[in-house]
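Sequential numbering from 196 applies to the sequence shown in the numbering used here.
C-beta: ideal position from N, C-alpha, C; glycine also.
None of the values given here were measured: they were computed from a predicted structure.
Taking it in order: structure first as structure tokens, then the write-up.
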Amino acid sequence: MFYYPHINPVAISLGRIQIHWYGIMYLLGFWSAWLLGSYRIKKMNGIWSKEQLSDLIFYCALGVILGGRIGYMLFYNWPNFYAEPLSLFKVWQGGMSFHGGCLGVIIAMWCYAYFHKRTFFSVSDFIAPLVPCGLAFGRIGNFINGELWGRITTVPWGMIYPQAGSLPRHPSQIYEFLMEGILLFIIVWIYSSKPRPQMAVSGLFAFCYGIFRFIAECFRQPDPQLGYIAFHWLTMGQLLSLPLIFLGMGLLIYSYISKENHAN
Numbered sequence: 196m197f198y199y200p201h202i203n204p205v206a207i208s209l210g211r212i213q214i215h216w217y218g219i220m221y222l223l224g225f226w227s228a229w230l231l232g233s234y235r236i237k238k239m240n241g242i243w244s245k246e247q248l249s250d251l252i253f254y255c256a257l258g259v260i261l262g263g264r265i266g267y268m269l270f271y272n273w274p275n276f277y278a279e280p281l282s283l284f285k286v287w288q289g290g291m292s293f294h295g296g297c298l299g300v301i302i303a304m305w306c307y308a309y310f311h312k313r314t315f316f317s318v319s320d321f322i323a324p325l326v327p328c329g330l331a332f333g334r335i336g337n338f339i340n341g342e343l344w345g346r347i348t349t350v351p352w353g354m355i356y357p358q359a360g361s362l363p364r365h366p367s368q369i370y371e372f373l374m375e376g377i378l379l380f381i382i383v384w385i386y387s388s389k390p391r392p393q394m395a396v397s398g399l400f401a402f403c404y405g406i407f408r409f410i411a412e413c414f415r416q417p418d419p420q421l422g423y424i425a426f427h428w429l430t431m432g433q434l435l436s437l438p439l440i441f442l443g444m445g446l447l448i449y450s451y452i453s454k455e456n457h458a459n
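This is the structure:
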């Protein structure tokens, strides 16, 4: 059994200006995407440039931040948002959703593809392998904040979170860091290192993320304002992950059977 190591969520305090570790994790996520994207560019024979990569990451950063916040309010905090719409802007109270951020990034990629005369899946296949490292940094931020802890457990590595009571719980942020971050990165990065049919890389990312998130939710404490959505075990995170699983599976299958596809 372990005790949660209290970590000050504020990394730097300059008077009234406070820089939180969670925000730094977001910056590290975008920076890692740029580094990995720069490496991929070198292997793609001029298909992308660093200027185009920087523009794309800017588009996606807006999608992550705006979509993540709006998605949280719509999916996880609707009653409060309905009663007080301006709570959307109270970002200091916390609340970001991966699935909302995913929708935001999809819109951002569509806009980028439209304005730069590219196909949507040529953009999504390029960006998909860059995402898991950002997700890993995000889960580190969750751990530092001492939030999104797991369900009560008796496993030897259970962790006691002071904010969650005196009983040990699954360190679900670490599970998600390992599955949605490290393992997902290894799978998608290796798969994308060779030419694949268009939309296959995007499909693999969506399918694997959906599976890993669905599994992780089995150990994560449901959001208190929602609890279980159905069957006394289904959570909102699992419900939102199901479309990703089926969409990813469909894209993978279609990418290999469609004669119109070409290697990216």
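Check: Buried or exposed for S436, please, with buried defined as at least 16 other CB atoms from any protein chain shown within 10 angstroms of its CB.; Outcome: buried
Check: What does L429 pair with, by DSSP beta-bridge criteria?; Outcome: A425
Check: Just to confirm the assignment, what range does the alpha helix (DSSP H) spanning I331 have?; Outcome: Looking at the sequence provided, one finds Ala at residue 331 rather than Ile. Element bounds for A331: V326 to N340.
Check: Leaving out five residues before and five after G232 in sequence, what residues of the same chain have Cβ atoms less than 6 Å from its Cβ?; Outcome: L248 and L325
Check: I think I377 touches A331, with their Cβ atoms under 8 Å apart; what is that distance to the nearest whole Å?; Outcome: 6 Å
Check: Got a sec? Which residues, its chain only, sit under 7 Å from N272 by beta carbon, not counting five neighbours each side?; Outcome: G290 and Q420
Check: Please determine, among A401, T430 and Y199, the residue with the shortest C-alpha to C-alpha distance to L446.; Outcome: A401
Check: Return the chain-ordered list of same chain residues with a C-beta closer than 8 Å to the C-beta of S453, the five sequence neighbours on each side being excluded.; Outcome: P392
Check: Whose C-alpha, out of A256, A206 and W352, is nearest the C-alpha of Y307?; Outcome: A256
Check: What's the gap between the Cα of L417 and the Cα of P327?; Outcome: The identity of residue 417 in the sequence shown is Pro, whereas the question assumes Leu. C-alpha separation (whole angstroms): 23 Å.
Check: What do you get for T430, buried or exposed, if any count of 16 or more other CB atoms within 10 angstroms of its CB means buried?; Outcome: buried
Check: Would you call the segment 356-375 and the segment 260-276 touching, i.e. three or more CB-CB distances under 8 Å?; Outcome: no
Check: Quick one: is N337 buried, meaning 16 or more other Cβ sit within 10 Å of its Cβ, or exposed?; Outcome: buried
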